[in-house]
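Numbering (this note's numbering), first residue to last: 40 to 718. By construction, the Cβ of each residue, glycine as well, lies at the ideal position given by its N, Cα and C atoms.
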DNA sequence: GAAATCATACTTTTT
DNA sequence: GTATGATTTC
């Protein structure tokens with residue numbers, strides 16, 4: 040079983056001395072090692088049911104258990120508990136929710152749902168107290184959601200969070216506290232659970248009647264991507280360890296890129312002390328050529344606190360990474376396409392090439408060009424299908440069918456009726472949770488209310504009697520013409536709804552369909568529709584975040600300029616800047632043989648389709664591409680850009696041209712813990 | 001008083 | 001292409 044593994048990897052896979060931290064640098068065979076360890080545990084006689092594997096995505100979990108299954112059999116893939124922290128919490132709470140006072144039929148709120156509900160309860164507070172809402176600007180609902188999430192996931196009092204992270208909202212302290220309290224109460228009464236609640240609920244299980252079952256359920260817990268977990272998740276692991284589980288954490292502090300989600304590197308830095316764990320370091324990189332590693336290492340060389348390790352390659356050397364200067368984005372697109380086609384002709388399949396970027400819209404122009412040239416591609420990250428208005432409309436009808444007490448869904452769906460706005464919807468929504476809702480609706484709204492009640496009640500029946508596909512059909516019989524009347528671009532929207540309908544028909548139940556969408560949303564274009572042409576060859580476009588864990592023969596990184604990497608929205612403090620540096624490191628270490636970094640010297644701001652799109656901005660090379668880094672690369676570019684780059688040489692900081700500024704407990708007990716943080 | 005309509009601004013990364 | 005705010009309409 041271990042024949043393929045290096046000594047380092049074997050040591051990690053076979054380790055039997057208690058808790059273990061595996062510090063696995065990029066490309067050091069982390070997945071192979073983790074799969075081997077899982078297989079080794081089973082061979083040693085641990086029942087797969089007593090192993091919990093926590094990963095960053097459902098895809099990663101599936102790949103790991105399948106590889107372990109191939110090594111050791113015993114039906115590992117089916118029997119092991121595997122999934123994200125949130126998915127496992129969901130599974131446990133569906134089973135044991137009653138033990139913490141949670142109806143297992145709860146509905147999960149995604150981030151935008153949570154923000155919407157916060158806005159709703161804040162509006163109610165104002166309506167109730169008659170306060171004016173126009174006297175000054177208030178925190179946006181997304182900001183409120185971010186503040187509350189920070190309070191909860193870091194166990195930090197509201198006042199401290201405001202002072203340290205949201206100082207411009209300090210004046211809103213009292214209103215925020217009241218809003219958060221109302222929000223929590225509302226979630227509970229409507230059987231709603233947000234992402235943080237899933238983890239809070241799981242930890243509450245440890246202090247409930249189900250504690251004995253839940254806490255000692257596992258002999259081993261394996262955690263992947265540990266550098267991207269938050270304090271709450273570390274606490275959960277500690278509780279599992281207290282229940283007798285041995286914890287193996289795998290991660291790389293150099294690849295921590297989810298600080299914005301309150302992940303903390305302290306988890307991985309402090310793991311050995313906190314768990315009394317042994318440590319194994321994997322620093323032999325089997326993925327990238329020495330030249331590529333030299334550049335990536337140079338990027339990381341100037342950073343501070345971390346687990347000391349410098350990756351070294353086991354491979355023969357290849358071409359040095361190339362820094363490509365381009366006059367503008369159009370030139371960047373041309374250059375990328377040319378190189379991709381050239382590599383393709385030399386035998387590198389499109390599937391083995393990727394284009395990576397900081398933000399989803401960085402690939403807009405490239406996508407147009409790829410379409411024009413008929414180069415097939417799949418794009419990962421930045422996808423908002425679930426946030427489109429018409430999709431939310433349908434999902435909210437279905438949510439009511441699954442959980443009639445889901446007030447937020449009622450609030451949205453009610454406003455689809457002509458003549459019903461926020462005020463009426465807010466007034467009616469709380470009274471529609473049980474069978475008396477039929478009269479309430481008919482009384483207030485007449486025949487349109489009747490129709491609506493019939494639609495959701497019919498969908499509920501259809502879900503129970505026939506299945507989720509039938510429920511969607513019933514919902515759409517009521518919804519479709521409303522969507523057509525309300526929105527532009529009807530054909531595309533109806534096509535989205537058709538994809539959802541097809542996906543629902545494949546689901547086991549309505550509840551599982553909705554839960555799956557929230558916990559594991561489609562991550563690539565067209566993923567909802569299923570994998571249509573598996574034998575086809577296609578290029579991968581991806582945000583760097585979504586490229587975590589993947590690798591390709593050739594990697595192209597777009598927009599390696601200041602303002603983009605690092606993003607000018609993330610330059611708040613040193614920690615944020617360092618996270619951007621690691622992001623570039625992650626992008627570079629995805630490459631096996633060829634790496635190109637593009638620096639368009641001029642780019643457009645705003646969306647191409649707005650008037651603002653004509654404004655262009657001069658960029659400078661990313662601050663992470665220091666002289667020491669560039670010294671490890673070859674440089675090239677189109678003539679004008681190369682000349683501009685040459686002119687900058689020796690002028691100190693890259694970009695002597697002055698840039699224009701870039702434009703612009705039982706759950707109740709847990710709730711009381713949260714409440715105590717709302718100081 | 002509430003809803004519809006028009007005008008304006010903003011748009012990181014994701015469980 | 002969506003969210004918010006001000007203005008007009010019911």
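Counted as a single uninterrupted DSSP element, the alpha helix (DSSP H) harbouring residue 463 occupies residues 461 to 467. Counting only runs of 3+ residues, the beta strand (DSSP E) found wholly inside the segment 137 to 172 occupies 146 to 148, in chain order. As a beta-bridge residue in DSSP terms, residue 121 pairs with 92.
Setting aside the 5 residues that flank it on each side, residue 519 is surrounded in the same chain by 533, 536, each with a C-beta closer than 8 Å to its C-beta; the list follows chain order. Spanning the alpha carbons of residue 448 and residue 438 requires a straight line of approximately 7 Å. Counting every other CB atom within 10 Å of its CB across the protein chains shown gives residue 176 a total below 16, marking it as exposed. Rounded to whole angstroms, the separation of the alpha carbons of residue 551 and residue 504 is 16 Å.
Residue 209 and residue 717 have their C-alpha atoms spaced approximately 13 Å apart. Counting C-beta atoms within 10 angstroms of its own C-beta, residue 385 has fewer than 16 neighbours from the protein chains shown and is therefore classed as exposed. Out of 278, 83, 82, 427, the CA that lies nearest to the CA of residue 527 is found in 427. In the DSSP assignment, residue 581 forms a beta bridge with 395, 419.
In its chain, beyond the 5 residues on either side, 218 have a beta carbon closer than 7 Å to the beta carbon of residue 161. Contact between the segment 393 to 410 and the segment 573 to 590 is established, with three or more Cβ pairs separated by less than 8 Å. If only uninterrupted alpha helix (DSSP H) runs of at least 4 residues are considered, those enclosed by the segment 291 to 373 are 305 to 314, 329 to 339.
Taking a C-beta distance under 8 Å as the contact criterion, residue 629 and residue 393 qualify as a contact pair. Secondary structure of residue 62 (DSSP, three-state): strand.
The residue among 240, 282, 255, 286 with its C-alpha nearest the C-alpha of residue 262 is 286. The beta-carbon distance between residue 583 and residue 625, rounded to whole angstroms, is 6 Å. This is short enough to meet the 8 Å contact definition. Rounded to whole angstroms, the separation of the alpha carbons of residue 65 and residue 593 is 16 Å.
Inclusion of residue 303 and residue 324 in the CB contact set at 8 Å is not warranted, their separation being larger than that value. The straight-line gap separating the alpha-carbon atoms of residue 371 and residue 443 is approximately 51 Å.
Per the DSSP secondary-structure output, residue 657 pairs in a beta bridge with 641. In the same chain as residue 353, and ignoring 5 residues on each side of it, the C-beta atoms closer than 8 Å to its own belong to 323, 324, 325, in chain order.
Sequence-distant partners of residue 490 (beyond 5 residues in either direction) whose C-beta falls short of 6 Å from its own C-beta are missing from its chain. A distance below 8 Å separates the beta carbons of residue 632 and residue 357.
Taking residue 158 as the centre and dropping the five residues before and after it, the same chain places the C-beta of 180 closer than 7 Å to its C-beta, in chain order. Boundaries of the alpha helix (DSSP H) around residue 228: 212 to 228.
Contact annotation, residue 135 with residue 244: C-beta distance approximately 6 Å; criterion of less than 8 Å satisfied. When 54, 554, 612, 235 are compared, the shortest CA-CA separation from residue 194 is found for 235. Less than 8 Å separates the beta-carbon of residue 123 from that of residue 94. According to the DSSP assignment, residue 489 belongs to no beta strand (DSSP E) but to the alpha helix (DSSP H) extending over 486 to 504.
Burial is judged here by how many other beta carbons sit within 10 angstroms of a residue's own beta carbon; residue 67 has at least 16 and is buried. Annotation: residue 233 is outside any alpha helix (DSSP H); the continuous beta strand (DSSP E) that includes it extends over 231 to 233.
By the CB criterion at 8 Å, residue 73 and residue 103 fall inside the cutoff. Looking at the backbone, the Cα of residue 424 and that of residue 47 are separated by about 43 Å. Cα atoms of residue 57 and residue 78: separation of roughly 17 Å, rounded to the nearest angstrom.
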